[in-house]
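Right, one structure below, let's go through it.
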RNA sequence: GCGAUCGUAGCUCAGUUGGUUAGAGCGCCGGUUUGUGGUACCGGAGGUCGGGGGUUCGAGACCCCUCGAUCGCCCCA
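Okay, structure coming up:
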């Protein structure tokens, strides 16, 4: 049957039913919480000039560009489907003059695209919710941003088993000193490192810290910690963030090995991690990216943000049952079809969700309605050429429905 | 990009060491039964066994290629 039908593109997903309900629940909860924290809504383009995404990634572009969905448009310009929100928002901050709104709290959500091998909770087209505070150098911004994330996870009902892991990468001076010390340390243990990590030593030494290789983990345990290299300012900044989190009642744990691979990250880095999603344990992650907007040609603009995969959050939320209709109208006799059509429309106009069961074997329509899980069932049959209404059960809802339909029943020419 | 496992009706699966016209449950459609009733019974539709090639007298079962899924590695903005 499907022989002649094109297949869905690898890594895409058709989200439906209970999964779609969980997805919508995540987005709706995000929208609600974002307003509580006074984040403003933004809608961003799904594609940008490739440079918007490639330039901030710097030297590693070569590796990362292979994971971007890039193409030339008819004018020969290289465009890319957004693999993240932040770069596009940073571009808009510059090109649209959003400096005037700083400090600017922004929230957005939607599809992102990465050319990667699909696995659990990871797709080529996936969806994220995203929050940023642009043009805010003070640690209080980090606290607010994290408090919002924390509240979101709690309101989604998935905070159990999820921990906030927090680290600092310091300012550029701290970070450079630490990085140098790590390179020295790992170079001294080069022979004991895994092949992957020897490679990382050249490309991106900080990444050795979250290697999954057993041997590497042992070496990493004795690696010099960032704390030994923090400048006074960096230390004070991190202390202000952690004190703020404590004051806000946000639980956190220090993970001194949590890193971000790109140079524009400064100070705070964090991930909300669960042990319930296999290899893809990060549920929400982000950090402070004070250096990003400069790489795109803007003024120095300290900013902090996070993103979270909606699919992964939805998996943790679990299946949400689709609600049954408030009323199921069953036309048990085709003679009552017009009456049923009018009745169901009237109910919907009065705010009742309603299904109409009027197809298939008339004798089985009632059973269908029962199975569909409607809260109240209104069965319509014919008696002496006139439609008859009958409710299943008797409760307050039936009375309301009767009241809504009372005038309609009187006006129906063949209703008694 | 690499590795492992998997791919049979709409869904969940069974198909014995390769052997006749490919099965079940659920769902769907119709009929009978019941008639404030999610019951029971009967019947029906629906599969070129992911796709292509090969081995064989014979392949859903074996081999190769390909597409896809799942899990892990790499990567993770």
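In the working numbering, the protein residues as written are 7 to 422. No residue lacks a Cβ here, since even glycine has one placed at the ideal position from N, Cα and C.
{"Asked": "Looking only at C-alpha atoms, which of 367, 389, 358, 391 sits nearest to residue 380?", "Found": "358"}
{"Asked": "Do residue 24 and residue 361 have their CB atoms nearer than 8 Å?", "Found": "no"}
{"Asked": "Since residue 311 sits in a beta bridge, which residues does DSSP pair it with?", "Found": "138, 293"}
{"Asked": "What does residue 412 pair with, by DSSP beta-bridge criteria?", "Found": "For residue 412, which the question treats as bridged, DSSP gives no partner whatsoever."}
{"Asked": "Among all the DSSP beta bridges, which residues are the ones paired with residue 59?", "Found": "Paired residue(s): none; residue 59 is not in a bridge."}
{"Asked": "Can you find the residues in the same chain that come closer than 6 Å, C-beta to C-beta, to residue 43, ignoring five residues on each side of it along the sequence?", "Found": "154"}
{"Asked": "Would you mind listing the alpha helix (DSSP H) stretches within the stretch 154-231 that are 4+ residues and don't spill past its ends, in chain order?", "Found": "178-194, 201-209, 220-227"}
{"Asked": "Give the DSSP bridge partners of residue 86, in chain order.", "Found": "54, 76"}
{"Asked": "Considering just the uninterrupted stretch of the beta strand (DSSP E) at residue 365, what are its terminal residues?", "Found": "Run containing residue 365: none; DSSP gives neither H nor E here."}
{"Asked": "Quick check: the Cα distance between residue 90 and residue 258, rounded to an integer number of angstroms?", "Found": "26 Å"}
{"Asked": "Along the chain, where does the alpha helix (DSSP H) that runs through residue 300 open and close?", "Found": "298-301"}
{"Asked": "Tell me, please, whether the stretch 288-296 touches the stretch 188-207 by the rule of three or more beta-carbon pairs shorter than 8 Å.", "Found": "no"}
{"Asked": "Here's the rule: buried if 16 or more other CB atoms are within 10 angstroms of the residue's CB, otherwise exposed. What is residue 365?", "Found": "exposed"}
{"Asked": "Can you name the residues that DSSP bridges to residue 393?", "Found": "388"}
{"Asked": "Apply the 10 Å Cβ neighbour rule to residue 22 and answer buried if 16 or more other Cβ atoms are within range, or exposed otherwise.", "Found": "exposed"}
{"Asked": "Between which residues of its own chain and residue 7 is the CB-CB distance below 7 Å, once the five residues before and five after are set aside?", "Found": "Only weak support is given to the placement of residue 7: the predicted model assigns it a pLDDT of 37, under 50, and the question is left unresolved by the model."}
{"Asked": "Among 290, 77, 256, 233, which has the Cα closest to the Cα of residue 127?", "Found": "290"}
{"Asked": "Rounded to the nearest angstrom, what separates residue 320 and residue 282 at their Cα positions?", "Found": "13 Å"}
{"Asked": "Would you kindly work out how many angstroms separate the C-alpha atoms of residue 305 and residue 96, rounded to a whole number?", "Found": "11 Å"}
{"Asked": "Please report the distance separating the alpha-carbon of residue 168 from that of residue 280.", "Found": "5 Å"}
{"Asked": "Given a cut-off of 8 Å on the beta-carbon distance, is the pair residue 222 and residue 203 in contact?", "Found": "yes"}
{"Asked": "For residue 123 and residue 368, what's the separation of their Cα atoms in angstroms?", "Found": "50 Å"}
{"Asked": "Quick one, which of 161, 85, 76 has its alpha-carbon nearest residue 37's?", "Found": "161"}
{"Asked": "Count the other CB atoms, across all protein chains shown, that sit within 10 Å of the CB of residue 260; report buried if there are 16 or more and exposed otherwise.", "Found": "exposed"}
{"Asked": "Output the residue ranges of the alpha helix (DSSP H) runs that lie fully inside the stretch 336-364 and measure 4 residues or longer, sorted by chain position.", "Found": "343-355"}
{"Asked": "Does the distance from the CB of residue 352 to the CB of residue 264 come in under 8 Å?", "Found": "no"}
{"Asked": "Would you call the stretch 201-216 in contact with the stretch 232-251, where contact means no fewer than 3 C-beta pairs closer than 8 Å?", "Found": "no"}
{"Asked": "Taking the straight line between their C-alpha atoms, what separation do you get for residue 18 and residue 183?", "Found": "42 Å"}
{"Asked": "Helix, strand or coil: which one does DSSP assign to residue 381?", "Found": "coil"}
{"Asked": "Just curious, the beta strand (DSSP E) that residue 272 is in, first and last residue?", "Found": "272-280"}
{"Asked": "Sorted by chain position, which residues of the same chain lie with C-beta nearer than 6 Å to residue 147's C-beta, five sequence neighbours on each side aside?", "Found": "139, 310"}
{"Asked": "Nearest CA to the CA of residue 317: which residue from 308, 333, 299, 288?", "Found": "288"}
{"Asked": "Between which two residues does the beta strand (DSSP E) containing residue 439 stretch?", "Found": "Because the chain here runs from 7 to 422, residue 439 falls outside it and cannot be looked at."}
{"Asked": "Specify, as a first and last residue, the run of the alpha helix (DSSP H) that residue 249 falls within.", "Found": "238-254"}
{"Asked": "What are the boundary residues of the alpha helix (DSSP H) that residue 16 is part of?", "Found": "No alpha helix (DSSP H) contains residue 16, which DSSP labels as neither H nor E."}
{"Asked": "Round the Cβ separation of residue 136 and residue 115 to the nearest angstrom and send it over; I've been treating them as touching at under 8 Å.", "Found": "6 Å"}
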